[in-house]
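These protein sequence lines are chains A and B, in that order.
Quick note: to get my numbering, add 587 to the position in the first sequence (first position is 1).
Quick note: to get my numbering, add 6 to the position in the second sequence (first position is 1).
Please read the structure below before turning to the comments.
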Amino acid sequence: MKMLKLTLCHLYPELLNLYGDTGNILTLVKRCQWRGIDVNVINHNIGDKTDFKDVDIFFIGGGADGNLGIACNDINSIKPQLEFAIEQDRVLLAICGGYQLLGKYYKGKRDTVDGLGLLDFYTEAADKYFVGNIVVDTGDYYLVGFENHMGRTYLNGLSPLGHVISGFGNNGKDKTEGVRYKNVIGTYLHGPLLPKNPKLCDEIISIALKNKYNIEDLQELDDSLEIKARQHTLKSINNKFISFA
Amino acid sequence: MRRIIAIVIAKIVIALAKLMGYGGSNIGGELALRICPDILDWFGSQVKEKIILVTGTNGKTSTNNMIYSIIRQSGHTCVCNKLGANLDSGLISAFINSSNLTGRIDADYASLEVDEASLAKVMAQLKPNIIVFTNLFRDQLDRYSEIDAILDKIKASLEKAQDAVLLINSDEPSLVSLGCSVAHTKYYYGIETQIDMGSMDLAKDNVFCKLCGERLDYAHYFYGQLGHYTCTKCHFNRPIPDFKAFLQDFEHKRELTVIGSNGFKVVRDFNTNDTYSIYNTLAAISVGALLGNTAEIVERGLENYRPQVGRMERFYIGKPITLNLAKNPVGFNESMKIVRQDMRSKVVAIGVNDLPQDGRDVSWLWDTNFEILLEIDDTIVNYTVFGRRRYDMALRLKYAGIDESKLTISETNEDAIDNVVNTRSDAAYILLNYSLLFETQKILKGRNEDVKTDSLPSVS
Chain A
588 MKMLKLTLCH
598 LYPELLNLYG
608 DTGNILTLVK
618 RCQWRGIDVN
628 VINHNIGDKT
638 DFKDVDIFFI
648 GGGADGNLGI
658 ACNDINSIKP
668 QLEFAIEQDR
678 VLLAICGGYQ
688 LLGKYYKGKR
698 DTVDGLGLLD
708 FYTEAADKYF
718 VGNIVVDTGD
728 YYLVGFENHM
738 GRTYLNGLSP
748 LGHVISGFGN
758 NGKDKTEGVR
768 YKNVIGTYLH
778 GPLLPKNPKL
788 CDEIISIALK
798 NKYNIEDLQE
808 LDDSLEIKAR
818 QHTLKSINNK
828 FISFA
Chain B
7 MRRIIAIVIA
17 KIVIALAKLM
27 GYGGSNIGGE
37 LALRICPDIL
47 DWFGSQVKEK
57 IILVTGTNGK
67 TSTNNMIYSI
77 IRQSGHTCVC
87 NKLGANLDSG
97 LISAFINSSN
107 LTGRIDADYA
117 SLEVDEASLA
127 KVMAQLKPNI
137 IVFTNLFRDQ
147 LDRYSEIDAI
157 LDKIKASLEK
167 AQDAVLLINS
177 DEPSLVSLGC
187 SVAHTKYYYG
197 IETQIDMGSM
207 DLAKDNVFCK
217 LCGERLDYAH
227 YFYGQLGHYT
237 CTKCHFNRPI
247 PDFKAFLQDF
257 EHKRELTVIG
267 SNGFKVVRDF
277 NTNDTYSIYN
287 TLAAISVGAL
297 LGNTAEIVER
307 GLENYRPQVG
317 RMERFYIGKP
327 ITLNLAKNPV
337 GFNESMKIVR
347 QDMRSKVVAI
357 GVNDLPQDGR
367 DVSWLWDTNF
377 EILLEIDDTI
387 VNYTVFGRRR
397 YDMALRLKYA
407 GIDESKLTIS
417 ETNEDAIDNV
427 VNTRSDAAYI
437 LLNYSLLFET
447 QKILKGRNED
457 VKTDSLPSVS
């Protein structure tokens with residue numbers, strides 16, 4: 588059988604890597620490698636002439652406000668390629684600042700920054716940070732993570748990634764968390780997201796394999812440590828949540 | 007009157023806390039602050055000569071204690087928060103410890119380390135003469151949000167202290183950018199010799215020019231974002247240090263020479279492994295010189311300096327055990343580089359808590375290069391993880407690629423130390439973050455077999 592190989596593109600790792608974001612890349616890579624799937628990670632930094640045509644999974648993380656501004660200028664130049672990839676059902680995972688960047692705008696304390704406008708949501712800065720552990724129900728499984736953001740995101744009718752069970756989520760009001768459009772996943776969860784949410788990580792790998800090789804089933808891994816880690820965090824939030832692991 | 011009540015109550019509480027074995031506590035100072043909100047102002051106004059503040063992410067405690075030793079050597083009295091309690095309440099506790107019941111202190115100097123996020127609060131009451139900046143790394147993100155925000159905060163607080171002299175690490179671009187943006191009198195200290203500090207991994211969040219946004223170009227790189235840098239686009243570059251450190255390596259030692267103005271020159275021997283504390287020593291020597299001390303007094307002061315709890319602290323319980331505090335990615339990376347140099351069979355225990363003083367967000371574990379340990383994995387017989395975030399740490403090690411059969415997850419600190427002691431090996435290292443330090447150190451002290459434990463100055 589032919590060796591399976593996926594291509595991962597980390598957008599602006601030098602600028603947008605505020606909250607352990609490389610942990611998400613590491614988790615994607617390891618969970619592929621443990622299944623014998625080869626992974627090629629492309630780092631796309633400012634000014635790079637990257638060929639995105641073979642990218643199966645895009646990742647964009649969070650960053651300090653100043654760095655987000657720098658990234659924003661460059662990312663506009665690759666917007667058509669990203670739009671094309673999204674319509675081709677490629678995966679785009681965007682966390683925190685990277686998530687906000689996908690929307691129409693981010694209205695900060697000083698000025699408003701235009702987003703990429705790939706999706707029709709918007710974000711406004713508030714005075715207080717939403718900080719703490721968060722639990723989200725996606726319908727298929729529960730996500731466990733940590734959020735830390737000043738932005739309040741309003742989805743304008745788009746589908747959320749899930750509903751908040753404990754924590755704040757997009758805006759602390761409507762109980763939504765993140766966004767899901769085709770295979771674009773935006774979320775405020777870091778901690779980072781994927782190590783403690785192997786089901787989401789495997790869903791991403793599955794989509795990529797389906798797109799590229801039309802393979803449906805994914806080999807099971809021993810996730811007992813991941814489950815214990817989830818149980819431990821869930822228990823620390825609320826004893827009743829332990830069954831969500 | 008309120009002041010006296012505050013001091014008496016705080017003194018009783020501090021004595022009780024000490025009796026119960028809680029070191030480095032803020033609680034006495036916190037009470038005093040509640041009862042008498044302007045108490046720090048009152049204490050500060052009694053300092054006869056100068057107030058020195060030491061701030062930054064890493065190296066505050068070691069630097070501050072060295073400065074204290076130098077001041078004591080020069081024959082002066084000095085108030086100092088030696089154990090590293092560095093919020094406003096901790097500073098108040100330090101003053102209360104040196105005061106009589108009416109709140110009178112007899113201090114020529116105060117040398118105080120201040121948490122970088124508390125600087126504004128502290129400077130509303132204390133009028134510092136010298137502020138020492140060590141470095142700014144990512145640390146405890148939920149409390150400090152991000153480095154740019156901290157820089158803004160520090161800049162705003164500096165406006166209240168126009169007369170303060172700033173002593174800044176010239177090799178640290180984010181701090182130098184801060185220096186460029188204020189009108190204060192500034193002195194810089196930096197390492198001139200391009201030594202290898204074992205870091206190839208550039209900490210990438212700070213390598214962009216704070217003035218124009220261009221990527222900084224490094225002619226040499228030490229660790230974190232520290233190095234010899236220039237911006238290729240604007241005029242921003244590393245200032246020529248007023249206090250220059252030169253290093254020369256011999257077979258068993260490393261010699262540090264610090265050159266100041268007017269022929270000021272201090273020479274110190276270092277352990278070759280110990281790159282991390284060069285900056286701390288350099289900063290302390292620079293303060294010693296700025297205070298007008300002779301090189302001889304500075305050298306003798308440093309001789310008398312003893313590192314504080316958990317800075318490469320050595321114990322012996324069936325085998326040598328080294329305890330080291332590490333609070334953030336740079337601190338952990340530097341600690342692990344020290345472990346990497348030890349080729350004996352060993353247990354490595356890592357403790358991670360997420361209490362407010364540690365930072366509740368532990369995503370930094372994934373910004374830390376635990377893969378360093380993988381390079382010596384064949385010498386590590388067991389990885390022990392403990393603390394409130396032991397499972398996050400366990401996962402981090404799993405994804406770093408360690409063999410899960412070598413992993414022990416300990417429910418309590420006692421269990422962790424039992425496992426470290428009982429697992430057969432020639433040595434052990436315990437790396438942990440702040441709120442785990444004092445309890446762990448207490449257990450180790452209680453079981454220690456060698457009364458002559460020594461310590462090396464290192465990561466703090």
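Even for Gly, the Cβ is constructed at its ideal location relative to N, Cα and C.
In this text, all values refer to a predicted model and were calculated from it rather than measured experimentally.
From B/Gly65, B/Arg395, B/Val391, B/Asn141, residue whose alpha carbon lies closest to that of aspartate 421 of chain B: One-based indexing of the second sequence puts residue 421 of chain B at position 415. The option with the nearest alpha carbon to aspartate 421 of chain B is B/Val391.
Candidates B/Ala155, B/Gly316, B/Glu309: closest to serine 80 of chain B by CA position: Residue 80 of chain B sits at position 74 when you count from the first residue of the second sequence. Ranking the options by Cα distance to serine 80 of chain B, first place goes to B/Glu309.
Proximity test, Cβ basis, 8 Å: leucine 605 of chain A and chain B: The residue given as residue 605 of chain A occupies position 18 in the first sequence. Leucine 605 of chain A counts as touching chain B.
Buried versus exposed call for asparagine 439 of chain B [16 or more other C-beta atoms within 10 Å across all chains shown]: Taking the second sequence and counting its residues from 1, the one referred to as residue 439 of chain B is at position 433. Buried, by the Cβ-count rule.
Chain-ordered chain B contacts of asparagine 757 of chain A [CB-CB under 8 Å]: Taking the first residue of the first sequence as 1, we reach residue 757 of chain A at position 170. Within 8 Å Cβ-Cβ: nothing; asparagine 757 of chain A doesn't reach chain B, min ~19 Å.
Reduced DSSP category for arginine 9 of chain B - H, G, I as helix; E, B as strand; rest coil: Residue numbering aside, residue 9 of chain B sits at position 3 when the second sequence is read from its first letter. Looking at arginine 9 of chain B - three-state DSSP - the assignment turns out to be helix.
Alpha-carbon spacing of leucine 59 of chain B relative to serine 124 of chain B, whole angstroms: Numbered from 1 along the second sequence, position 53 holds the residue referred to as residue 59 of chain B. Numbered from 1 along the second sequence, position 118 holds the residue referred to as residue 124 of chain B. Roughly 12 Å separates the two Cα atoms.
Inter-residue Cα distance where the pair is isoleucine 323 of chain B and glutamate 410 of chain B: In the second sequence, residue 323 of chain B corresponds to position 317, counting from 1. In the second sequence, residue 410 of chain B corresponds to position 404, counting from 1. One C-alpha to the other measures close to 26 Å.
Where tyrosine 322 of chain B sits in the DSSP three-state scheme: For this step, residue 322 of chain B is matched to residue 316 along the second sequence. Strand at tyrosine 322 of chain B.
Contacts that aspartate 652 of chain A makes with chain B (C-beta to C-beta distance below 9 Å): Here residue 652 of chain A is taken as the residue at index 65 of the first sequence, counted from 1. Residues of chain B passing the Cβ test: Glu152, Asp154, Ala155.
Cβ pair leucine 443 of chain B, leucine 371 of chain B closer than 8 Å: For this step, residue 443 of chain B is matched to residue 437 along the second sequence. For this step, residue 371 of chain B is matched to residue 365 along the second sequence. No, Cβ-Cβ distance for leucine 443 of chain B and leucine 371 of chain B is not below 8 Å.
Simplified DSSP state of asparagine 775 of chain A, which is helix, strand or coil: Residue mapping note: residue 775 of chain A aligns to position 188 of the first sequence, counting from 1. The residue asked about is misnamed: residue 775 of chain A is tyrosine in this sequence, not asparagine. Reduced to three states, the DSSP call for tyrosine 775 of chain A is coil.
Local Cβ density within 10 Å of asparagine 212 of chain B, reported as buried at 16 or more and exposed below that: Here residue 212 of chain B refers to the residue found at position 206 when the second sequence is read from its first residue. With a pLDDT of 48 at asparagine 212 of chain B, under the threshold of 50, the modelled position of this residue cannot be trusted, and the question is left open.
For cysteine 218 of chain B, three-class secondary structure by DSSP: Here residue 218 of chain B refers to the residue found at position 212 of the second sequence. In this structure, cysteine 218 of chain B counts as coil in the three-state DSSP scheme.
Contact set for isoleucine 33 of chain B: own chain, Cβ-Cβ below 7 Å, skip 5 residues either direction: The residue you call residue 33 of chain B lines up with position 27 of the second sequence. Taken in chain order, the residues that qualify are Val19, Ala23.
8 Å Cβ cutoff, threonine 609 of chain A in contact with chain B: Here residue 609 of chain A refers to the residue found at position 22 when the first sequence is read from its first residue. Interface residue, yes.
Span of the beta strand (DSSP E), counted from its first residue to its last, around leucine 118 of chain B: What you label residue 118 of chain B is simply residue 112 of the second sequence in a count that begins at 1. Where leucine 118 of chain B is concerned, the enclosing beta strand (DSSP E) stretches over 115–120.
Selection from B/Lys161, B/Arg395, B/Thr287 that minimises the alpha carbon distance to aspartate 364 of chain B: Here the question's residue 364 of chain B lines up with position 358 in the second sequence. Considering only alpha carbons, the answer is B/Arg395.
Beta carbon proximity, histidine 597 of chain A to chain B, threshold 8 Å: Here residue 597 of chain A refers to the residue found at position 10 when the first sequence is read from its first residue. So, not an interface residue.
Closer than 8 Å to chain A by CB, leucine 147 of chain B: On the second sequence, residue 147 of chain B is found 141 positions in, with the first residue counted as 1. A caution first: leucine 147 of chain B carries a pLDDT of 49, below 50, which makes its placement in the model unreliable, though a value can still be read off. Cβ-Cβ to chain A under 8 Å: yes for leucine 147 of chain B.
Sequence-distant residues of the same chain with beta carbon closer than 8 Å to arginine 8 of chain B, five excluded per side: Counting from one through the second sequence, the residue named residue 8 of chain B turns up at place 2. The answer, listed in chain order, is Ile41, Cys42.
Cβ pair valine 414 of chain B, asparagine 425 of chain B closer than 8 Å: Locating residue 414 of chain B in the second sequence gives position 408, counting from the first residue. Locating residue 425 of chain B in the second sequence gives position 419, counting from the first residue. A quick correction: the sequence has threonine, not valine, at residue 414 of chain B. Yes, the Cβ-Cβ distance between threonine 414 of chain B and asparagine 425 of chain B is below 8 Å.
Pick from B/Ser104, B/Leu132, B/His234, B/Asn286 that is closest to aspartate 169 of chain B, judged by C-alpha positions: Position 163 of the second sequence holds residue 169 of chain B. Per the Cα distances, B/Leu132.
Burial state of threonine 108 of chain B (16 or more Cβ within 10 Å): As a working note, residue 108 of chain B is residue 102 in the second sequence. With fewer than 16 other Cβ atoms within 10 Å, it is exposed.
Minimum Cβ-Cβ distance from phenylalanine 733 of chain A to chain B less than 8 Å: Position 146 of the first sequence holds residue 733 of chain A. So, interface residue.
CB-CB length for proline 785 of chain A against tyrosine 606 of chain A, believed under 8 Å: Counted from its first residue, the first sequence places residue 785 of chain A at position 198. Counted from its first residue, the first sequence places residue 606 of chain A at position 19. That pair is no contact at about 19 Å.
Alpha-carbon to alpha-carbon, glutamate 601 of chain A and arginine 817 of chain A: Numbered from 1 along the first sequence, position 230 holds the residue referred to as residue 817 of chain A. Numbered from 1 along the first sequence, position 14 holds the residue referred to as residue 601 of chain A. Computed Cα separation, rounded: 29 Å.
Close Cβ partners of lysine 54 of chain B (< 6 Å) along its chain, the five nearest in sequence each way excluded: For this step, residue 54 of chain B is matched to residue 48 along the second sequence. Excluding sequence neighbours, lysine 54 of chain B sits near Asp114.
CB contact below 8 Å: valine 718 of chain A versus chain B: Here residue 718 of chain A corresponds to residue number 131 of the first sequence, with the count starting at 1. Valine 718 of chain A counts as touching chain B.
Beta-carbon neighbours of isoleucine 657 of chain A, restricted to chain B and to distances below 8 Å: Position 70 of the first sequence, counted from the first residue, corresponds to residue 657 of chain A. Neighbours of isoleucine 657 of chain A on chain B, chain order: Phe214, Gly219.
Bounding residues of the alpha helix (DSSP H) (the contiguous stretch that carries phenylalanine 671 of chain A): Position 84 of the first sequence, counted from the start, is the residue given in the question as residue 671 of chain A. Its alpha helix (DSSP H) spans residues 666–674.
Within-8 Å CB hit, lysine 159 of chain B to chain A: Here residue 159 of chain B corresponds to residue number 153 of the second sequence, with the count starting at 1. No, no contact with chain A.
Under the three-state DSSP convention, the category phenylalanine 338 of chain B falls into: As a first step, residue 338 of chain B must be located in the second sequence, where it is residue number 332. Residue state, collapsed to three classes: helix.
Contacts around glutamine 314 of chain B, its chain only, beta-carbon distance under 7 Å, and the 5 residues preceding and following it disregarded: Locating residue 314 of chain B in the second sequence gives position 308, counting from the first residue. Hits under 7 Å: Thr67, Asn71, Lys88, Leu89, Gly90.
Distance, threonine 385 of chain B Cα to isoleucine 153 of chain B Cα: As a position in the second sequence, residue 153 of chain B is number 147, starting the count at 1. As a position in the second sequence, residue 385 of chain B is number 379, starting the count at 1. Rounded to the nearest angstrom, the two C-alpha atoms are 37 Å apart.
Residue nearest to threonine 418 of chain B in terms of C-alpha spacing, selected from B/Arg453, B/Ala434, B/Val358: On the second sequence, residue 418 of chain B is found 412 positions in, with the first residue counted as 1. Comparing Cα-Cα distances from threonine 418 of chain B to each of B/Arg453, B/Ala434, B/Val358, the minimum goes to B/Val358.
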